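Student:
Protein chains: 4
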Amino acid sequence: MSFYYTRIVHFQDTDAAGVVYFANVLAFCHEAYEASLVKFGINLKVFFSSQEVAIPIIHADVYFRCPMFCGDELIIELMPKSWGDDEFEIFYQVFLNEVEEKWVARANTKHVCIHPRSRSRQNLSDEMRRWLLSFESS
Amino acid sequence: MSFYYTRIVHFQDTDAAGVVYFANVLAFCHEAYEASLVKFGINLKVFFSSQEVAIPIIHADVYFRCPMFCGDELIIELMPKSWGDDEFEIFYQVFLNEVEEKWVARANTKHVCIHPRSRSRQNLSDEMRRWLLSFESS
Amino acid sequence: MSFYYTRIVHFQDTDAAGVVYFANVLAFCHEAYEASLVKFGINLKVFFSSQEVAIPIIHADVYFRCPMFCGDELIIELMPKSWGDDEFEIFYQVFLNEVEEKWVARANTKHVCIHPRSRSRQNLSDEMRRWLLSFESS
Amino acid sequence: MSFYYTRIVHFQDTDAAGVVYFANVLAFCHEAYEASLVKFGINLKVFFSSQEVAIPIIHADVYFRCPMFCGDELIIELMPKSWGDDEFEIFYQVFLNEVEEKWVARANTKHVCIHPRSRSRQNLSDEMRRWLLSFESS
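Residue numbers (the working numbering), protein chains in the order written: chain A, 10 to 147; chain B, 10 to 147; chain C, 10 to 147; chain D, 10 to 147.
This is the structure we're talking about:
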């Protein structure tokens, strides 16, 4: 089961080549992740500034097939996958709303759960496990 | 008559002080401007990369009353005002959806219509005049 | 006495109109502020994430005279001005290195010293007073 | 032979978790690429907005080992590698100036030379071939 997030390309997202600046596509994907957490009932302000637990990204990857332009309506599909007790990965496919069959970009991000100060690993919270599980149901 | 744009604060919009980075609020306002143009039927890709006409911002101003946090739902009110044939100004009020009575930020941007190469002034297109007029009806 | 900061325009700073996105110029000015604090011996990591004191911007203003392009070398002049015990303002002039006589953008930011949690005002630290004073010597 | 680019972490680069927002590290790497082109004598304004040739990124990858904070001085090592006549890849290592031995992030970007309108492939210019060759000399 996937989560879908819709995002219009803003003028600020573009660069002087007239298309979306490459690194911004990863930010679009992160917005989809945030929207998915919100839909699950997670408070983003608390989630991202906790002194007890952080889930930083340790790896990100992005492929581009087509340029994206200002005003384009993107649909981002998000599919998380659990890796043990303290890690997960998220796969993203970015589609243009007008041409839904073909993806224009694909990305993935790998997240590890740590203590923000010591940076040592810790297990994901029950809430995050439930969020991950919610994608496994068919 | 005003146009209203809703915008969730993303993680990327924030800074290490835990709140929205000040200059990003002007970008939120510009998004409201873009959304208003789209609703009026204007193609943003063509509008912002035209070789014939550009409407750059020559002045921007922003006041902050309250901090904005990741996950906050903002409502941005946009009210343009015409200044002669080649200029207009846009006033913005940013509200938190939860506390609608009080604005958290106010901004305005002044736009001048020019030839992109010569940078000399030219009159606004009929389309932009109609966009401006659409806000004057009661 | 002024502080000068040099900044190359990056590709990411530009938009599909081929020039620097307007709100990014305020971010360039904030970089000049940061560079000036660093030169004065202030640790930015501590300064911007303190739980005891914050100095948020409550107003920002920016004028644009000329477009800035990718690769342009900007020189930003910074001149702070004290306003009582808990406020200050910074004036910025942005010059193109090649044509130094004329500014291409002018900005100012107004900063107020507060407690980050209560958001009530407090006096600026001795360190920040000394930073402000350092600009008054001729 | 490598190219080295020094970059201070700005306040705007950070997020509410107190560290550099992940996708911004790819933008730092792109800045290193731009600085390397400038040093080679390439005009960035012409390079990035040409109507005849574009070299978009088709893949990007980034690993994070340590968080980066506001004020950190980063040193980015850039090593391009040629792939035939119309492609190249760039490898980046990001170091903290204070602890130079260990990288804090590693990235790579893959670039393909195309016609901006048709998006069909074309050979890299002689200038870009010379830029690539300049890294192969020992």
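Cβ coordinates follow ideal geometry from the N, Cα and C atoms, glycine included.
Keep in mind that this is a model prediction, so the values were computed, not measured.
Which residue comes first and which comes last in the alpha helix (DSSP H) that contains ASP135 (chain D)?
Tutor: Counted from its first residue, the fourth sequence places residue 135 (chain D) at position 126. That run of the alpha helix (DSSP H) goes 135-142.
Student: Give me the subset of the region 64-95 of chain A whose CB atoms are less than 9 Å from a CB atom of chain B, sorted by chain position.
Tutor: Residues passing the 9 Å Cβ filter: PHE78, CYS79, GLY80 and ASP81.
Student: Would you say SER58 (chain D) faces chain A, with C-beta separation under 8 Å as the test?
Tutor: Residue 58 (chain D) sits at position 49 when you count from the first residue of the fourth sequence. Chain A contact via Cβ: present.
Student: Tell whether a beta-carbon distance below 8 Å holds between GLU43 (chain C) and PHE78 (chain D).
Tutor: Here the question's residue 43 (chain C) lines up with position 34 in the third sequence. Here the question's residue 78 (chain D) lines up with position 69 in the fourth sequence. No, the pair does not count as a contact, with Cβ atoms beyond the cut-off.
Student: Does the beta-carbon distance from LEU83 (chain C) to TYR101 (chain C) come in below 8 Å?
Tutor: Translated into positions along the third sequence, residue 83 (chain C) becomes position 74. Translated into positions along the third sequence, residue 101 (chain C) becomes position 92. Their beta carbons are not under 8 Å apart, which means LEU83 (chain C) does not touch TYR101 (chain C) by this criterion.
Student: If you run the structure through DSSP and keep just helix, strand and coil, what is TYR42 (chain B)?
Tutor: Position 33 of the second sequence, counted from the start, is the residue given in the question as residue 42 (chain B). The answer is helix: DSSP assigns TYR42 (chain B) an H, G or I state.
Student: Consider the Cβ of ALA26 (chain B): report whether some Cβ of chain C lies at a distance smaller than 8 Å.
Tutor: What you label residue 26 (chain B) is simply residue 17 of the second sequence in a count that begins at 1. Answer yes: the Cβ-Cβ gap between ALA26 (chain B) and chain C drops below 8 Å somewhere.
Student: Name the residues in the region 17-41 of chain B whose C-beta lies less than 7 Å from a C-beta of chain D; which are they?
Tutor: Answer set for the region 17-41 of chain B: PHE20, GLN21, THR23, ASP24, ALA25, GLY27 and TYR30.
Student: Could you say which of A:ASP24, A:ALA41 and A:LYS119 lies nearest to TYR14 (chain A) if we only look at CA atoms?
Tutor: Taking the first sequence and counting its residues from 1, one reaches residue 14 (chain A) at position 5. With distances taken between Cα atoms, TYR14 (chain A) lies closest to A:ALA41.
Student: Cutting at 7 Å between CB atoms, please list the residues of its own chain near LEU141 (chain C), excluding the five before and the five after it.
Tutor: Translated into positions along the third sequence, residue 141 (chain C) becomes position 132. Counting only Cβ-Cβ distances below 7 Å, and skipping sequence neighbours, we find PRO89, SER91 and PHE97.
Student: Determine the chain A residues that contact LEU142 (chain B) at a beta-carbon separation under 7 Å, and present them in chain order.
Tutor: On the second sequence, residue 142 (chain B) is found 133 positions in, with the first residue counted as 1. What LEU142 (chain B) touches in chain A: nothing, since even the nearest Cβ is about 22 Å away.
Student: When we look at the beta-carbon of GLY93 (chain D) and count the other beta-carbons within 10 Å, is it buried (16 or more) or exposed?
Tutor: Residue numbering aside, residue 93 (chain D) sits at position 84 when the fourth sequence is read from its first letter. With fewer than 16 Cβ atoms within 10 Å of its Cβ, GLY93 (chain D) is classed as exposed.
Student: Who are the near neighbours of ILE66 (chain B) in its chain, counting only those whose CB is closer than 6 Å to its CB and skipping five residues on each side?
Tutor: As a first step, residue 66 (chain B) must be located in the second sequence, where it is residue number 57. Hits under 6 Å: THR118 and HIS120.
Student: For PHE20 (chain B), report the span of its alpha helix (DSSP H) as first-last.
Tutor: Counting from one through the second sequence, the residue named residue 20 (chain B) turns up at place 11. Premise fails: PHE20 (chain B) is in no alpha helix (DSSP H) and is neither H nor E.
Student: Decide if the region 47-61 of chain D is in contact with the region 50-66 of chain B; the criterion is three or more beta carbon pairs, one per stretch, under 8 Å apart.
Tutor: The region 47-61 of chain D, when compared against the region 50-66 of chain B, does not touch it at the 8 Å Cβ threshold.
Student: Would you say ILE85 (chain B) and CYS122 (chain B) are within 8 Å of each other, going by their C-beta atoms?
Tutor: Taking the second sequence and counting its residues from 1, the one referred to as residue 85 (chain B) is at position 76. Taking the second sequence and counting its residues from 1, the one referred to as residue 122 (chain B) is at position 113. No, the Cβ-Cβ distance between ILE85 (chain B) and CYS122 (chain B) is not below 8 Å.
Student: Which class does SER91 (chain B) belong to by DSSP, given the choice of helix, strand or coil?
Tutor: By one-based count along the second sequence, residue 91 (chain B) stands at place 82. Correct three-state label for SER91 (chain B): strand.
Student: Which of the three DSSP states, helix, strand or coil, is assigned to VAL34 (chain A)?
Tutor: As a position in the first sequence, residue 34 (chain A) is number 25, starting the count at 1. Correct three-state label for VAL34 (chain A): helix.
Student: In chain order, what residues of the same chain have a beta carbon less than 6 Å from the beta carbon of ILE64 (chain C), not counting five sequence neighbours either side?
Tutor: Sequence index remark: in the third sequence, residue 64 (chain C) carries index 55 (1-based). The residues are HIS120 and CYS122.
Student: Any idea if SER11 (chain B) is buried or exposed, counting beta-carbon neighbours within 10 angstroms, 16 or more meaning buried?
Tutor: Mapped onto the second sequence, residue 11 (chain B) falls at position 2. Under this definition SER11 (chain B) is an exposed residue.
Student: Could you check how far apart the C-beta atoms of ALA25 (chain C) and THR23 (chain A) are, in whole angstroms? I think they sit under 8 Å.
Tutor: For the purposes of this step, residue 25 (chain C) is identified with residue 16 of the third sequence, where counting begins at 1. For the purposes of this step, residue 23 (chain A) is identified with residue 14 of the first sequence, where counting begins at 1. About 4 Å; that satisfies the 8 Å criterion.
Student: Ignoring anything shorter than 3 residues or poking outside the region 58-115 of chain B, list the beta strand (DSSP E) runs there in chain order.
Tutor: If we require 3 residues or more, the beta strand (DSSP E) runs fully inside the region 58-115 of chain B come out as 66-73, 82-92 and 96-105.
Student: Run through DSSP, which three-state label would VAL28 (chain B) get?
Tutor: By one-based count along the second sequence, residue 28 (chain B) stands at place 19. Of the three classes helix, strand and coil, the one that applies to VAL28 (chain B) here is coil, per DSSP.
Student: In this structure, what does DSSP give as the bridge partners for LYS119 (chain A)?
Tutor: Your numbering for residue 119 (chain A) matches position 110 in the first sequence. Paired residues: A:HIS68 and A:GLU98.
Student: Scan the region 41-56 of chain B for residues whose Cβ lies nearer than 7 Å to a Cβ of chain A and list them as they occur along the chain.
Tutor: From the region 41-56 of chain B, only GLU43, VAL47, ASN52, LEU53 and LYS54 have a Cβ closer than 7 Å to chain A.
Student: What's the C-alpha gap between PHE104 (chain B) and VAL18 (chain B)?
Tutor: In the second sequence, counting from the first residue as 1, residue 104 (chain B) sits at position 95. In the second sequence, counting from the first residue as 1, residue 18 (chain B) sits at position 9. Cα to Cα, PHE104 (chain B) sits roughly 12 Å from VAL18 (chain B).
Student: Using the Cα positions of LYS111 (chain B) and PHE73 (chain B), report the straight-line distance between them to the nearest angstrom.
Tutor: For the purposes of this step, residue 111 (chain B) is taken as residue 102 along the second sequence, with counting starting at 1. For the purposes of this step, residue 73 (chain B) is taken as residue 64 along the second sequence, with counting starting at 1. Roughly 12 Å separates the two Cα atoms.
Student: Consider the C-beta atom of ALA114 (chain B) and the heavy atoms of the ligand SAM; say whether any pair is separated by less than 7 Å.
Tutor: What this structure holds is no ligand at all, so the ligand SAM is not there to describe.
Student: Which same chain residues end up closer than 8 Å to LEU46 (chain C) when comparing Cβ atoms and leaving out the 5 residues on each side of it in sequence?
Tutor: Within the third sequence, numbered from 1, the residue matching residue 46 (chain C) stands at position 37. Closer than 8 Å at Cβ, skipping near neighbours: LEU53, PHE56 and TRP140.
Student: Hey, out of C:ASN33, C:ASP70, C:ALA69 and C:ASP95, whose CA is closest to PRO76 (chain C)'s CA?
Tutor: Looking up residue 76 (chain C) in the third sequence gives position 67. Answer by Cα proximity: C:ASN33.
Student: Tell me PHE12 (chain A)'s beta-bridge partners as DSSP assigns them.
Tutor: Residue mapping note: residue 12 (chain A) aligns to position 3 of the first sequence, counting from 1. A:LEU87, per the DSSP bridge assignment.
Student: In whole angstroms, what separates the C-alpha of ALA116 (chain D) from that of MET137 (chain B)?
Tutor: Position 107 of the fourth sequence holds residue 116 (chain D). Position 128 of the second sequence holds residue 137 (chain B). Roughly 44 Å separates the two Cα atoms.
Student: Let me check understanding here. Comparing Cα to Cα, which of B:GLY80, B:GLU107, B:TYR30 and B:PHE144 lies closest to ILE99 (chain B)?
Tutor: Within the second sequence, the letter at position 90 stands for residue 99 (chain B). That would be B:PHE144, whose Cα lies nearest to the Cα of ILE99 (chain B).
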